[in-house]
Amino acid sequence: MAAGPAGPANPASASIVAFPGRTPLQVGFDRLELQRILDLYGRMVAAGFWRDYAMDFGKEAANFSAFRRAAERPQARIEKRPSLRGKQGMWTLFGEAGQVLKRGHELAGVLSPLERKLLKVVDG
1 MAAGPAGPAN
11 PASASIVAFP
21 GRTPLQVGFD
31 RLELQRILDL
41 YGRMVAAGFW
51 RDYAMDFGKE
61 AANFSAFRRA
71 AERPQARIEK
81 RPSLRGKQGM
91 WTLFGEAGQV
101 LKRGHELAGV
111 LSPLERKLLK
121 VVDG
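The numbering of the sequence shown is full-length UniProt numbering, which starts it at 1 and goes up by one.
Below, the structure is given as structure tokens:
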């Protein structure tokens with residue numbers, strides 16, 4: 001094979017230039033993630049733990065904050081940060097003081113400390 005006007009004859013020696021990807025303007029929750037979070041929120045409201053929530057969608061992360069009262073700090077905050085997907089996991093559960101309670105790759109595992117609050121001991 002001879003070299004043509006477009007470049008070398010051996011395609012393996014040609015340099016590959018990656019097409020720049022378009023980064024999203026904001027991070028959000030998909031339908032199943034939001035359904036899982038709002039299902040937990042509804043059960044926590046019914047149990048009397050939470051009364052209000054807020055969502056924040058930024059360029060780096062999406063947050064769901066749950067409040068006992070709207071004027072207080074959030075009792076729990078669930079954060080989705082896709083840039084950490086390959087590291088410690090894109091999901092983080094923060095406590096009322098801002099401490100990290102749980103990190104993980106799966107939303108269900110990160111929500112488990114909150115779901116444990118809903119379990120009640122049954123005398124048998």
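For each residue, glycine too, the CB sits at the ideal point set by N, CA and C.
ask   = So the alpha helix (DSSP H) G42 belongs to, where does it begin and stop?
value = 31-46
query = Count the other CB atoms within 10 Å of the CB of M90; is the residue buried (16 or more) or exposed (fewer)?
reply = buried
query = Between D52 and G86, what straight-line distance do the alpha-carbon atoms span, to the nearest angstrom?
reply = Cα to Cα, D52 sits roughly 32 Å from G86.
request  = Assuming R93 contacts P113 (C-beta within less than 8 Å), just tell me the rounded distance between them.
outcome  = Looking at the sequence itself, residue 93 is Leu, so the reference to Arg does not match. L93 to P113, Cβ: 6 Å. Contact.
request  = Pick out the complete alpha helix (DSSP H) segments inside the stretch 94-124, 4 residues or longer, and give them in chain order.
outcome  = Considered as a whole, the stretch 94-124 harbours 107-118 as its complete alpha helix (DSSP H) runs of no fewer than 4 residues, in chain order.
Pairwise C-alpha distance: F67 and D30 = 22 Å
key: 6 Å CB neighbourhood of K102 in its chain, flanking five on each side removed   = L93, V110, P113
key: With 16 other Cβ atoms within 10 Å as the buried cut-off, status of S15   = Classification for S15: exposed.
query = Just to confirm, are V100 and E60 a CB contact at a threshold of 9 Å?
reply = no
query = Between V122 and the rest of its own chain, which residues show a CB-CB distance below 6 Å, the 5 nearest in sequence each way excluded?
reply = Any reading at V122 needs caution, since the residue's pLDDT is 49, under 50, leaving its predicted position unreliable; the model's value is listed next. Result list for V122: empty, nothing under 6 Å.
ask   = DSSP state of S65, grouped into three classes?
value = strand
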